[in-house]
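**Q** Just so we're aligned, residue 1 is where the sequence shown starts under the numbering used here, counting upward by one.
Even glycine gets a Cβ: it sits at the ideal position worked out from N, Cα and C.
Sharing a structure below in structure tokens format, with a few things to ask.
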Amino acid sequence: MAEHMQRVLDLPGDAGPKVKELASFAAVEVGLTTGGMQQRMTQAWTIVTELPAAHEAASAGRITTAHLRVIESETRAARLDPGVDAGQRARVVEALVAVAERSSTSELRARAKRIVNEVLSEPLQVRHDAARQQRRVELFDAGDGMSDVVARVPTLEGTAILDRLTQAARGKPKDDPRTFDQFRADAFQELLLAGVVPEDLHGVSPITAHVSILIPATTLLDDDEQDPAVRALDFPAALDGKVLVDRDTARRIAGTASVWERLFTDPVTGVAVTVDTYRVPRLQRLWLQARDGGCRGPGCARPALRSDVDHTIDWAKGGTTTLGNLGHLCRSCHTLKHDSRWAVRQLPGGVFEWTSPIGRVITDVPEPIGPVFTDMPRRSPPSTATRAERRRRTQEAVERMAADRDRMLAGLPPDPDASPPPLPPDPLGVWTAAVSQVLGPPAPF
Numbered sequence: 001m002a003e004h005m006q007r008v009l010d011l012p013g014d015a016g017p018k019v020k021e022l023a024s025f026a027a028v029e030v031g032l033t034t035g036g037m038q039q040r041m042t043q044a045w046t047i048v049t050e051l052p053a054a055h056e057a058a059s060a061g062r063i064t065t066a067h068l069r070v071i072e073s074e075t076r077a078a079r080l081d082p083g084v085d086a087g088q089r090a091r092v093v094e095a096l097v098a099v100a101e102r103s104s105t106s107e108l109r110a111r112a113k114r115i116v117n118e119v120l121s122e123p124l125q126v127r128h129d130a131a132r133q134q135r136r137v138e139l140f141d142a143g144d145g146m147s148d149v150v151a152r153v154p155t156l157e158g159t160a161i162l163d164r165l166t167q168a169a170r171g172k173p174k175d176d177p178r179t180f181d182q183f184r185a186d187a188f189q190e191l192l193l194a195g196v197v198p199e200d201l202h203g204v205s206p207i208t209a210h211v212s213i214l215i216p217a218t219t220l221l222d223d224d225e226q227d228p229a230v231r232a233l234d235f236p237a238a239l240d241g242k243v244l245v246d247r248d249t250a251r252r253i254a255g256t257a258s259v260w261e262r263l264f265t266d267p268v269t270g271v272a273v274t275v276d277t278y279r280v281p282r283l284q285r286l287w288l289q290a291r292d293g294g295c296r297g298p299g300c301a302r303p304a305l306r307s308d309v310d311h312t313i314d315w316a317k318g319g320t321t322t323l324g325n326l327g328h329l330c331r332s333c334h335t336l337k338h339d340s341r342w343a344v345r346q347l348p349g350g351v352f353e354w355t356s357p358i359g360r361v362i363t364d365v366p367e368p369i370g371p372v373f374t375d376m377p378r379r380s381p382p383s384t385a386t387r388a389e390r391r392r393r394t395q396e397a398v399e400r401m402a403a404d405r406d407r408m409l410a411g412l413p414p415d416p417d418a419s420p421p422p423l424p425p426d427p428l429g430v431w432t433a434a435v436s437q438v439l440g441p442p443a444p445f
């Protein structure tokens, strides 16, 4: 499909009508609309020509076509961003392929948003402000007298809406014949149409939505208050540890929070290591919520707020109620663990190792929720030159470049007898000093 598309694009003249014509022929053969076929052709061409690493991984069977489609859709913003060069795009695709080889499509989609966000030239806040202008409500006919109501709203408010309906459904009377989803749907329409809580929707009125959001300390500072070295380490806030949240929303939530928990992350891996709060009884659950972000079952992406804390080694079998033996599992994965031949063990660092009934081992590593630091290249020893000597060398370098420019404008080659003066030593010295002032001296290890 991509090959046929490329042949059309190589023809002289406007390729648009030719692509549409080709799509119309193919659509008739496979029973699709012309628009749908053209979309598939474009997607195939994009994957083959612009995402070769992902295409190769799918061809070799390391990832599925579903993973391939997720990579194509999630990297679209990076491909359309003129500020992202080819090298950055290639590194993003390689990182997503590595994630896809060990994750489900839902996990891949969540991690892809963070990976792509790191290379986009426009800040998340700017993109959110533009996307917010597109909020709307739409109605789609689902047949049999039913319809789908779809609302595009900011993620924070959307999560709070669903959480309120979910809590209402959990509080429904035992003799209520409606299912969990039916109850949520009824509460949704009654609250919108009547504007009041009907008598048969028990438990809706007093409910306050609960939202878990991780906010880096640097996000709460004004831009002019941040040291440049700290601003370079900016890490976006995240809803349920997965969905990126813009800075204004994070600050708004921070201003209304009744309780604060302080979270510390490992500076190398970015994974949660500890948390403290004034509410000590919730300490362990909050730590696990921050570390796990969601259900740790194989291929599951259900948020931690809608999952249960499970003993990896059952308490009845001697398992301890410690952080190294606890993790979030949704009801479905909890049942899978106990009522099937799946086996799981928890390794150091909160890593879960699942073994399927056919012997395949799946490793689930906690998603970093803080910035990740890597080793800096070793610098040369500090220079012993005086300040006056460094100024003199810099001035000589400037004069040399000016002389070379004048010779070039005059059509003359560079002076072969003039040896270029050395560059000013330790170009990162000022930056290193600034970081030392912010972070303090390095730890003794």
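Within this structure, are the beta carbons of S24 and V84 separated by less than 8 Å?
**A** No, Cβ-Cβ distance for S24 and V84 is not below 8 Å.
**Q** Find the nearest neighbour of H338 within the set A86, W315 and V92, judged by alpha-carbon distance.
**A** Minimum Cα distance to H338 is reached at W315.
**Q** Consult DSSP for P12 and reduce its assignment to one of helix, strand or coil.
**A** In this structure, P12 counts as coil in the three-state DSSP scheme.
**Q** Mind checking G31: buried by the 16 CB within 10 Å criterion, or exposed?
**A** Counting Cβ neighbours within 10 Å, G31 comes out exposed, since fewer than 16 surround it.
**Q** Work out the CA separation of I47 and D175 for me, nearest whole Å.
**A** Approximately 53 Å between the Cα atoms of the pair.
**Q** Counting Cβ pairs closer than 8 Å, one from the segment 141-149 and one from the segment 122-132, do we hit at least three?
**A** Not touching, per the Cβ criterion.
**Q** Tell me the DSSP secondary structure of V137 in three-state form.
**A** It is a strand residue.
**Q** Cβ atoms of V70 and P105: under 8 Å apart, would you say?
**A** In the sequence on display, residue 105 carries Thr and not Pro. Their beta carbons are under 8 Å apart, which means T105 touches V70 by this criterion.
**Q** In three-state terms, what does DSSP make of A60?
**A** Note: A60 maps to coil in three-state DSSP.
**Q** Looking at C-alpha atoms only, which residue of T34, Q39, V99 and V92 is the closest neighbour of I63?
**A** The candidate whose alpha carbon is nearest that of I63 is V99.
**Q** Ordered along the chain, which non-local residues of its own chain (more than five positions away) have a Cβ less than 6 Å from that of E138?
**A** The answer, listed in chain order, is V150.
**Q** Check for me: the beta strand (DSSP E) holding T363 runs from which residue to which?
**A** Here the beta strand (DSSP E) through T363 covers V361 to D364.
**Q** Report the residue ranges of all beta strand (DSSP E) runs contained in full by the segment 143-192; include only those spanning at least 3 residues, in chain order.
**A** Entirely contained in the segment 143-192, the beta strand (DSSP E) runs reaching 3 residues are, in chain order, 146-152.
**Q** Between T166 and the rest of its own chain, which residues show a CB-CB distance below 8 Å, the 5 nearest in sequence each way excluded?
**A** Counting only Cβ-Cβ distances below 8 Å, and skipping sequence neighbours, we find R184 and R306.
**Q** Can you tell me the Cα-Cα spacing of E190 and K172, whole angstroms?
**A** Each residue's Cα considered, the two are about 15 Å apart.
**Q** Compute the beta-carbon to beta-carbon distance between V119 and A78, rounded to the nearest angstrom, for a pair I have assumed lies under 8 Å.
**A** Rounded, the Cβ-Cβ distance is 6 Å, consistent with contact.
**Q** Under a three-way DSSP split, which group does D227 fall into?
**A** For D227, the pLDDT reaches just 48, beneath the cut-off of 50, and the residue's location in the model is therefore unreliable, leaving the point undetermined.
**Q** State yes or no: is the C-beta of V449 within less than 8 Å of the C-beta of L288?
**A** Summary: the structure shown does not reach residue 449, with the chain confined to residues 1 through 445, and so no result is reported for it.
**Q** Any idea which residues DSSP pairs G318 with across the strands?
**A** According to DSSP, G318 bridges with nothing at all.
**Q** Among D248, A95, E101 and G324, which residue has its Cα nearest to the Cα of A66?
**A** The shortest C-alpha separation from A66 is found at E101.
**Q** According to DSSP, is E353 helix, strand or coil?
**A** In the structure shown, E353 sits in a strand (DSSP, three-state: E or B).
**Q** Mark L9 as exposed unless 16 or more other C-beta atoms lie within 10 angstroms of its C-beta, in which case mark it buried.
**A** So L9 counts as exposed.
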